[in-house]
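Enquirer: Residue numbers (my numbering), protein chains in the order written: chain E, 3 to 564; chain U, 3 to 443; chain W, 8 to 347. For each residue, glycine too, the CB sits at the ideal point set by N, CA and C. On a predicted model such as this, the values are computed, not experimentally measured, just so you know. Structure in structure tokens, see below.
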Amino acid sequence: MALAGTRSAGQAALALAIALFLGVFLVVPVATVIYVAFTEKGGGALTLINFLDFARTELFVRSFWNSIYVSAMTVVWASALALPLAYLTTRFEFRGAMLVQTLGFLPLVMPPFVGAVAMQLLFGRNGSVNLLLDEWFDFKIGFMEGLNGVIFLQAIHYFPFILVNLSAALRNIDRSMEEAAQNLGAHGLRLFRRIALPLALPGYIAGASLVFVKVFDDVATPLLLNVKEMLAPQAYLRITSIGIDDPMGYVISVVLIVVAVATMWASALVLKGKDYATTQRGGGGLARRKLKPREQALAYAVVILILALVLAPHVGLLLLSFATVWSFSPLPDGYTLAHYARVLGDSSVYIKNTLLYASLAAGIDVVIGGAIAYLVLRTKLPGRQWLDWAASTALAVPGIVLGIGYLRAFYGVNLPDGTPLATLWIVIVMAIAIRRLPYALRAAYAALQQISVSLEEAAENLGATKARTVRRIVIPLMTGGLLAGFVTSFATAAVELSAVLILVQSNSDAPLAYGLYVLMQTPAGRGAGAALGVIAVIIVAICMGLAQLAADRSQRARGLDI
Amino acid sequence: MIRLSALTVGFALGLILAAGAAFAQTGKVTVVTSFSKDVTDPLKKAFEKAVPGATLEVQNRNTNAGVKFLEETKANNQVDLFWASAPDAFEVLKSKKLLSPYKPKATGIAEKVGSYPVNDKDGFYSGFAASGYGIMWNERYVKANKLPTPKEWQDLATAPYFDHVSISAPSRSGTTHLTIETILQGEGWDKGWRTTKEISGNLRQVTDRSFGVPEAVNSGQVGYGIVIDFFAFSSQGAGFPVKFVYPSVTTLVPANVGIVANAPNKAGAEAFIEFLLSPAGQEALLEPTIRRLPVRPETYAKAPAGYPNPFKDKNLQGLLTFNAELSESRTAAVDTLFDQLITFQLEPLKAATKTLHDVDAALAKKDNAQARALAKEARDLIAAMPITAAQAASPEIRAAFTGGKEKSSRQAELEQQWAAFAKEKYAAAKAKADEALKLAR
Amino acid sequence: MTGMTMSKPARAVGIEIADVNLSYGSTHVLKNVDLTIHPGEFFAFLGPSGCGKTTLLRLIAGFAQAQTGRVLLDGQDVAPLPPWRRDVGMVFQSYALWPHMTVAKNVAFGLEERRLPRVEIDRRVAEALDLVGLTAYAGRRPAQLSGGQQQRVAVARTIAIEPKVLLLDEPLSNLDAKMRVSVRRELRALQQRLGLTTIFVTHDQEEANTICDRIAVMDAGTVRQVGTPMELYENPANLFVASFLGSANILGDGDGIAVPAGKRLVFRPQHATLSSVDGVPLRGPVTHREFLGATVRYAVRIGGSEILVETPFQSGAELRRVGDTVGVALPPERMLYLPA
């Protein structure tokens, strides 16, 4: 009895620490900013009148439905892109699987601004593809027009998320499930559709709901495509208007947060009782068969086609970084190394800062995310679900709101020598970390779900305390999932801009994304901005590769590789 | 023993602080600016050369982020100067008491450039340069689509330009706001809005940041852009196939600098302003990467041939005395009217405009009085405004945006009213235009 | 189990496994396996963990490929047929019920794959569930059933398709002891009723003995002996079979008795009796005595080994004491000389 008491005391302490962390770095800063939504301008009393106005404004209602539409369609298209690749890599002995795994991640690493510029140059109304189509066939395709343009870019950007999720879910299927179906007469696509996909669905839904929320709350992409009639851009535009202290921007922020929480909650509801992962014993995934030569050719063709599409932004970025002038033509007028020469000098401090910030942020995310996942899945503490939801709302908070909130909350706090706390670069790290926390959290959650409780109970039975069990059993088994979380957090943290823009106080503290932003303010800076973007992508890709290598090695050393 | 060391420490601290004050005029000068590196780097170098011992620490932010930053950090302000184009940002900072007044000692600076007074009448910020607004276009785009070369603002409202023009929203670009306000003051409220809407009916897009327009023209996404001149010239300097023209009635917009309240290095900040207004500083503005218009008339003697001179060139003189107070009184209303009537109703506006262009084309072939009358009615519907000039400047409307007690309705209500107004009018206009088209064909 | 409306297959089918060798990389898992299974037989693959019995079963089902040899089902080589065309119903050790489908849908699966008309499917599902006594659970999900019920669903799922052969992979290992006894009887009864050729993989000799017609005893990839339970018990062909099925005493020439070269003397505890030492070649001290109610078990050291002798207990009889030297008498026909 006493043992149970101390056990739950330790858990409660952990939960409290995390709640404090979230409170200080998320809830309080955001609250100081969006409380405005609940007061009438000029008055001070609490009121919901602004929300009523929101519902009565046709522009906002239209934006709301546009956002829902775009988010849903993004999930659909990203899945459509991911499904063939997931099928090929989990079902067959396919050499291209390695290619897919390494390159398939890149779309997630897209620096702000330049990515959209590159895509416009390739797929815009007068971009490479359309210019050629118009010349040869006399028609154009509106890839980048309006809402469809947003869906196009977002689907490409978030496709890796769905791919990783779907593949992992397929790989977790108990082999005997498939064999039983084969034994009873099913095979091929029919088997995949009737057995593999339904069993993979829960894992898939978890990832898809994250994508839905992220797209719903994305400000940068719609604005860069000049689409303003969506909810998140509307919030941004209003919050950043000069001279008008408009509560509606904060009202919309509240709506964004509510939708995010509702989506998470709804998906949890749908997934309840469908935790197939935990009821299955074996894993082992689908049996892989070899591809016949003709099938191999087809498979490679599909993979290359899809990869070409999702890597188009990077191709465009690369071209832009070497281009002298690229205007209203399928390809640049000429090529030069001058842009790289220009940025190589300044970029070392940006690179150092980016690596530092992104690693710290991702590290913090993995620790906190893992801890929250553990508390939610392994303890019975009351209210632990709130930690999950609170952390997940970080997705929905616009970067600028968080930035302003940090200034409000931390600028008043001074260090002994008089400098405000908010000027320290650690505050930038915390902002980045909080914004990426949901990725790591979901990855940790999924990883922990796969581990049977009996594995931990066996350890405790043999004398290990809960803490030692976590260290020696749980964490090693979760490594794969934690790594996936670290990598996603890292990759997206490295290109974070919106909160950084408010918080950066000197060039020496600036990460790559900021340097890029500064360059993109002038016509002459476009090539250099693209060069910096390419450098950012390469660095992140290298780090991700190293992280993967390190984890693989440690897994192999422990005999845990699958 | 302890007291002696405390005394020593206190003495040493005192020395350091005093020394610090002595160095204050030089030392670090921190500026928050929305100007790009192309502008800040050369000026920083020139300033540090002109004032030995001073270093300029540049924090580059977009204008609204800069304003928000100053607001949030006012309790322990670490910034000396705010340096940007948009005068509306300075007005906001002034109204929030985030600026310190300063009267520059420099002589030989003009009182007005174009229509605008160079300095804030209350002395909270000073103009140091000006720029002109004009039309920029992409040669390849124009050639490929066989489009005309623009000369005047009115050209942009004609049929060939339909769906090829870009502008940034006045609510997002202080300088664009001034341009629109100049049109409203020059032509009057109703006619001014009519002109604005006629041009807007040809828009391809309304961008949310100033740089979005030249960027789109540079890439060839859009054919024509209403831009500040230095964007066009730096684009040409970077090799883009673009051209630029000042219309015969050009607006000049100022660029300003102001000292932030409770600046840590007030002396250094003042030195910077003096430098900007000094002959050396004003000459630096002529550099091709900067290419702003100095406010010191004598500097133009050093300018290359053909360099626009607002003190000599007829088209840059400005039509009237710009009424800054009037502008300020209706800033929020004008911004919001533009957004609610144009930015967020662009599709319906364009639809009606397109049909009217078609009507005109049909009428050119075969005239039809009835169709002509219907077209005029449609145009009147488009040009209709939900509020008058007087209302726009009224305390009631103003208070809706500030949350004051006099407001008649809340901002959101006003916005919804105006949006609904526009929607209705444009739909009616389209209906009339359709009728006219049927008759004309 | 109730009701008996499922028809017997037109003709029960035999299985022939000829000269099969199977390796995974460098591990030789099945070595020269030769087996014939008669139509309608309830046949067991019996052996310790790792002996290859499950691999052999999966070979028949098509989930493993042999490097040499053939598997003939009803005289046809099955090698060219993928698992989904072999028509052999397999019940997996984990049952492998699909959690996203109801019991009825699980059972209907194979029928749907065969594109039978809906009416026919419904009928056969109802029959199969009836046969295993789970009609009332048709609408439940597997997660809502007990282990025993899940196993029955797995069985119903395979018999619904009326396969040629039934393959059971350790079907009882996840059930508690009491259930095992009743379920194995039910399985036997079901098999009899349907007349299906059935292969039953197990490591438990009691299961094999009680319900199977013939058993193949396997060890390290080879089939050590095939026969009826009684044959294997009475006439084990080698030491492994002798000690795997029932208890066996093994003596060699190191224990002071004469055995042919390369052989050992093997006999069962209950076939020996304790006698006086005179003229009896096997003799030695009693080292241990256990009273088991119906029998008494003595441990006797002979030479370097210890053997067990079980004698029926008669009340009032005098028991030997530990330390007494006794002779162990063995009827000649109970003496088996088996290769080492």
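Are the CB atoms of A19/W and G202/W nearer to each other than 8 angstroms?
Expert: For the purposes of this step, residue 19/W is taken as the residue at position 12 of the third sequence. For the purposes of this step, residue 202/W is taken as the residue at position 195 of the third sequence. Result yes, Cβ atoms of A19/W and G202/W sit closer than 8 angstroms.
Enquirer: Mind checking which residues open and close the beta strand (DSSP E) that includes E23/W?
Expert: Indexing the third sequence from 1 puts residue 23/W at position 16. Element bounds for E23/W: 22 to 31.
Enquirer: Can you give the Cα-Cα distance for V305/E and V102/E, rounded to whole angstroms?
Expert: Residue numbering aside, residue 305/E sits at position 303 when the first sequence is read from its first letter. Residue numbering aside, residue 102/E sits at position 100 when the first sequence is read from its first letter. One C-alpha to the other measures close to 8 angstroms.
Enquirer: Determine, using beta carbons only, whether I108/E comes closer than 8 angstroms to chain W.
Expert: Within the first sequence, the letter at position 106 stands for residue 108/E. Looking at the sequence itself, residue 108/E is Leu, so the reference to Ile does not match. Closer than 8 angstroms: no.
Enquirer: Take the Cβ of F130/U as the centre, count every other Cβ of all protein chains shown within 10 Å, and call the residue buried at 16 or more, exposed below.
Expert: In the second sequence, residue 130/U corresponds to position 128, counting from 1. Label assigned to F130/U: buried.
Enquirer: Which residues of the segment 191 to 218 of chain W have a Cβ closer than 7 angstroms to any Cβ of chain E? Give them in chain order.
Expert: Cβ contacts with chain E: none found.
Enquirer: For G96/W, return the contacting residues in chain E, with the cut-off set at a CB-CB distance below 8 angstroms.
Expert: Reading the third sequence from its first residue, position 89 is the one you call residue 96/W. Near G96/W (Cβ distances below 8 angstroms), the residues of chain E are N185, L186.
Enquirer: Take A449/E as the anchor and find which of A466/E, K354/E, A208/E, D219/E has the nearest alpha-carbon.
Expert: For the purposes of this step, residue 449/E is taken as the residue at position 447 of the first sequence. Measuring from the Cα of A449/E, the nearest candidate turns out to be A208/E.
Enquirer: So, at 6 angstroms on beta carbons, what are the nonlocal neighbours of G126/E in its own chain, with the 5 sequence-adjacent residues on each side left out?
Expert: Reading the first sequence from its first residue, position 124 is the one you call residue 126/E. If we look at G126/E and ignore the five residues flanking it on each side, its Cβ neighbours are M146.
Enquirer: Under 8 angstroms, Cβ to Cβ, is there at least one residue of chain U near S329/E?
Expert: One-based indexing of the first sequence puts residue 329/E at position 327. For S329/E, the answer is yes, since a Cβ of chain U falls inside 8 angstroms of its Cβ.
Enquirer: Closest by CA to A279/W, which one among I257/W, S30/W, L104/W?
Expert: Your numbering for residue 279/W matches position 272 in the third sequence. Nearest option by C-alpha distance: I257/W.
Enquirer: Give me whichever residues DSSP pairs with R291/E in a beta bridge.
Expert: Here residue 291/E refers to the residue found at position 289 when the first sequence is read from its first residue. Paired residue(s): F94/E.
Enquirer: On the CB-based measure, 16 or more other CB atoms within 10 Å of its CB, does P339/W come out buried or exposed?
Expert: Here residue 339/W corresponds to residue number 332 of the third sequence, with the count starting at 1. Label assigned to P339/W: exposed.
Enquirer: Write down the C-beta distance between T494/E and R438/E rounded to the nearest angstrom, noting that I regard them as a contact closer than 8 angstroms.
Expert: On the first sequence, residue 494/E is found 492 positions in, with the first residue counted as 1. On the first sequence, residue 438/E is found 436 positions in, with the first residue counted as 1. The Cβ separation is near 6 angstroms, so the contact holds.
Enquirer: Do three or more CB pairs link the segment 404 to 414 of chain U to the segment 353 to 370 of chain U at distances below 8 angstroms?
Expert: Segments in contact, no.
Enquirer: Residues of the segment 288 to 306 of chain E with a CB closer than 9 angstroms to any CB of chain W: list them in chain order, please.
Expert: Under the 9 angstroms Cβ criterion, the segment 288 to 306 of chain E contributes A289.
Enquirer: In this structure, what does DSSP give as the bridge partners for R221/W?
Expert: Position 214 of the third sequence, counting from 1, holds the residue named residue 221/W. Beta-bridge pairing links R221/W to F50/W.
Enquirer: If you follow the beta strand (DSSP E) that H359/U is part of, which residue opens it and which one closes it?
Expert: The residue labelled residue 359/U in the question sits at position 357 within the second sequence. No beta strand (DSSP E) contains H359/U, which is instead part of the alpha helix (DSSP H) from 348 to 367.
Enquirer: Name, please, each residue of chain E whose Cβ falls closer than 8 angstroms to the Cβ of I168/W.
Expert: Residue 168/W sits at position 161 when you count from the first residue of the third sequence. Under the 8 angstroms cutoff, chain E gives L186, G187.
Enquirer: Along the beta strand (DSSP E) that carries Q232/W, what are the first and last residues, could you check?
Expert: Residue numbering aside, residue 232/W sits at position 225 when the third sequence is read from its first letter. Per DSSP, Q232/W belongs to the beta strand (DSSP E) from 229 to 234.
Enquirer: Are there 16 or more other CB atoms within 10 angstroms of the CB of W391/E, so buried, or fewer, so exposed?
Expert: As a working mapping, residue 391/E is identified with position 389 in the first sequence. Exposed is the call here.
Enquirer: So is I197/E in contact with chain W if we call contact Cβ pairs under 8 angstroms?
Expert: The residue you call residue 197/E lines up with position 195 of the first sequence. Interface residue, yes.
Enquirer: Measure the CB-CB distance between W328/E and L521/E and report whether it falls below 8 angstroms.
Expert: Taking the first residue of the first sequence as 1, we reach residue 328/E at position 326. Taking the first residue of the first sequence as 1, we reach residue 521/E at position 519. No, Cβ-Cβ distance for W328/E and L521/E is not below 8 angstroms.
Enquirer: Indicate whether at least one CB of chain W lies closer than 8 angstroms to the CB of A446/E.
Expert: Taking the first sequence and counting its residues from 1, the one referred to as residue 446/E is at position 444. For A446/E, the answer is no, since every Cβ of chain W falls outside 8 angstroms of its Cβ.
Enquirer: How would you call L439/U, buried or exposed, if buried means at least 16 neighbouring beta carbons within 10 angstroms?
Expert: The count along the second sequence starts at 1 and reaches residue 439/U at position 437. The residue in question, L439/U, is buried, as its Cβ has 16 or more Cβ neighbours within 10 Å.
Enquirer: Does the segment 287 to 304 of chain E come within contact of the segment 79 to 98 of chain E, defined as at least 3 CB pairs closer than 8 angstroms?
Expert: Flag = yes, the segment 287 to 304 of chain E and the segment 79 to 98 of chain E touch.
Enquirer: Grab the span of the alpha helix (DSSP H) containing A210/E for me, first residue to last.
Expert: The sequence position of residue 210/E within the first sequence is 208, counting from 1. Segment 199 to 218, the alpha helix (DSSP H) holding A210/E.
Enquirer: Pick helix, strand or coil for H45/W, following the three-state DSSP scheme.
Expert: Within the third sequence, residue 45/W is the residue found at index 38, counting from 1. Coil at H45/W, not helix or strand.
Enquirer: In angstroms with no decimal places, state the Cα-to-Cα distance between L358/E and S491/E.
Expert: Counting from one through the first sequence, the residue named residue 358/E turns up at place 356. Counting from one through the first sequence, the residue named residue 491/E turns up at place 489. So the alpha carbons of these two residues sit roughly 13 angstroms apart.
Enquirer: Give me the Cα-Cα distance between G55/U and E300/U, rounded to the nearest whole angstrom.
Expert: If you number the second sequence from 1, residue 55/U lands on position 53. If you number the second sequence from 1, residue 300/U lands on position 298. Answer to the nearest angstrom: the Cα atoms are 29 angstroms apart.
Enquirer: Label S133/U either buried or exposed according to how many other C-beta atoms from any shown protein chain fall within 10 Å of its C-beta, with 16 as the threshold for buried.
Expert: On the second sequence, position 131 is the one that residue 133/U refers to. So S133/U counts as buried.
Enquirer: Roughly how many angstroms separate the alpha carbons of E379/U and D369/U, rounded to a whole number?
Expert: For the purposes of this step, residue 379/U is taken as residue 377 along the second sequence, with counting starting at 1. For the purposes of this step, residue 369/U is taken as residue 367 along the second sequence, with counting starting at 1. For E379/U and D369/U, the distance between alpha carbons rounds to 17 angstroms.
Enquirer: For a contact meaning CB atoms closer than 7 angstroms, what does A265/U contact in chain E?
Expert: Stepping through the second sequence from its first residue, residue 265/U is reached at position 263. Residues of chain E passing the Cβ test: none, with the nearest at roughly 15 angstroms.
Enquirer: Is the beta carbon of P332/E less than 8 angstroms from the beta carbon of L134/E?
Expert: The count along the first sequence starts at 1 and reaches residue 332/E at position 330. The count along the first sequence starts at 1 and reaches residue 134/E at position 132. The answer is yes: Cβ separation under 8 angstroms.
Enquirer: Buried or exposed: Y516/E, going by 16 or more other Cβ atoms within 10 Å of its Cβ?
Expert: One-based indexing of the first sequence puts residue 516/E at position 514. It counts as buried.
Enquirer: Identify, in the order they occur along the chain, each residue of the same chain with its Cβ nearer than 7 angstroms to the Cβ of I366/E, setting aside the five sequence neighbours on each side.
Expert: Residue numbering aside, residue 366/E sits at position 364 when the first sequence is read from its first letter. Cβ within range, chain order: A435.
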